[in-house]
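If you read the sequence shown in the numbering used here, its first letter stands for residue 7, the second for the next number, and so on. Beta carbons: idealized from backbone N, C-alpha and C, even for Gly. Notes follow the structure.
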Amino acid sequence: MKLFRFNELGKLIVLAGSILVLVGLANAQLDTDDEKSPTPPGFYITPTASAHAVQQDLNPGLANYPNFVAGQAVKAVVSPDGKTLAILTAGMNSLFDSTGTVDTAASTQFLFLYDISGANKTNPVLKQVIQQLNAHVGLVWAPDSQRLYAAGGCDDLVYAYSTNGTSFALKTQISLGHAPNGCISNAANRTGLGLGVEPNVARLAISADGATLVAANNYNVSISVIDTASGTVRYEYDLRPMPLRAHRPVPRAARSPTPWC
């Protein structure tokens with residue numbers, strides 16, 4: 007059996023430590039590369055953000071609240087032409103003035119429009135913010151990228167926006183006929199299914215030709231089919247099971263307990 011002298015043992019310890027450090031650095035380098043660490047389903051974990059991601063605050067630029075950042079961005083969609091990113095908020099965006107009173111003019115939801123064309127694709131540029139009274143998770147572009155539809159939530163409306171080539175503006179409000187007074191907490195607005203339930207416009211979908219828009223009324227368990235040219239509801243489908251429906255026909259495949267899409 008060969009014995010090591012203490013000075014040789016020290017050298018071995020230093021060498022082993024160096025190897026461990028190098029292995030640790032190599033592993034650390036691998037860990038920062040998400041392409042080297044896939045999860046079983048084939049997706050990658052990015053604890054901070056995806057590679058080359060850019061984070062921007064949703065600041066609507068309110069004059070009296072310059073540092074306010076809107077909360078609860080619920081939907082983000084890119085226009086079919088790939089030039090504009092639309093983001094809709096639907097959160098607790100209540101603001102109070104210096105007297106402690108709710109500033110109703112500022113306490114709205116927000117529709118953010120970003121220019122993502124050309125060089126802006128990797129660093130979106132905010133070009134417009136539109137205030138919308140209430141909102142939910144529905145937001146769709148028309149196929150021509152000239153119109154944009156946003157769900158009004160408890161307003162029982164679909165907000166339709168159109169562009170003049172430079173900016174977007176509200177073109178019309180499409181009422182779905184459940185609550186003419188919108189989000190007013192009174193008996194007239196509690197026309198959802200159940201006791202004291204207000205209607206709510208949830209998700210939206212649009213046909214390939216842009217002629218038909220469908221809105222999900224998740225608290226009325228129905229869908230409203232809308233003619234986009236006239237901005238009116240063609241008909242409403244009741245999605246409840248057959249025994250609970252009053253008279254409106256509904257295809258079997260369309261039945262759902264809570265329509266969100």
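Would you call the CB atoms of residue i and residue j closer than 8 Å?
| i | j | result |
| --- | --- | --- |
| A96 | L68 | no |
| S213 | A221 | no |
| L210 | A157 | yes |
| N140 | G171 | no |
| D109 | F116 | no |
| G237 | D150 | no |
| D161 | G144 | no |
| V164 | L245 | no |
| V84 | L94 | no |
| A76 | L64 | yes |
Taking only the alpha-carbon atoms, compute the straight-line gap between residue i and residue j and give it to the nearest angstrom.
| i | j | result |
| --- | --- | --- |
| F74 | L119 | 17 Å |
| Q61 | L201 | 42 Å |
| Q179 | T169 | 15 Å |
| Y225 | A208 | 9 Å |
| V146 | T234 | 12 Å |
| S181 | N223 | 12 Å |
| L91 | T45 | 29 Å |
| A32 | A59 | Note that A32 scores a pLDDT of 47, beneath 50, so its modelled location is shaky and nothing firm can be said. |
| N70 | I232 | 38 Å |
| A185 | L154 | 23 Å |
| L199 | K177 | 30 Å |
| V239 | S228 | 13 Å |
| T52 | Q78 | 21 Å |
What does DSSP give as the partner residues of residue i in its beta bridges?
| i | result |
| --- | --- |
| R153 | S168 |
| V207 | G159, N223 |
| Q137 | F116 |
| S230 | A221, E242 |
| T178 | A166 |
| F102 | V108 |
| I93 | A82, F118 |
Per DSSP, what kind of secondary structure is residue i in: helix, strand or coil?
| i | result |
| --- | --- |
| I19 | Low per-residue confidence applies at I19: pLDDT is 46, beneath 50, and the placement is therefore not dependable, though the value from the model is reported in the following sentence. It is helical. |
| K271 | This structure cannot settle anything about residue 271, because the visible part of the chain is limited to 7 through 267. |
| P86 | coil |
| W266 | Reliability of the predicted coordinates at W266 is poor, the pLDDT of 48 falling under 50, and the value obtained from them is presented with this limitation in mind. Reduced to three states, the DSSP call for W266 is coil. |
Skipping 5 residues on each side, what residues in its chain have a beta carbon closer than 7 Å to that of residue i?
| i | result |
| --- | --- |
| R196 | G202, V203, E204 |
| N129 | V60 |
Residues in the same chain with beta-carbon distance under 6 Å from residue i, minus the five sequence neighbours each way, listed in chain order, please.
| i | result |
| --- | --- |
| D121 | V131, K133 |
| I136 | L117 |
| S123 | K89 |
Quick one: what's got a C-beta closer than 8 Å to residue i's C-beta in the same chain, skipping five residues either side?
| i | result |
| --- | --- |
| S100 | V108, S113 |
| P66 | F74, A76, F116, F118, V135, Q137 |
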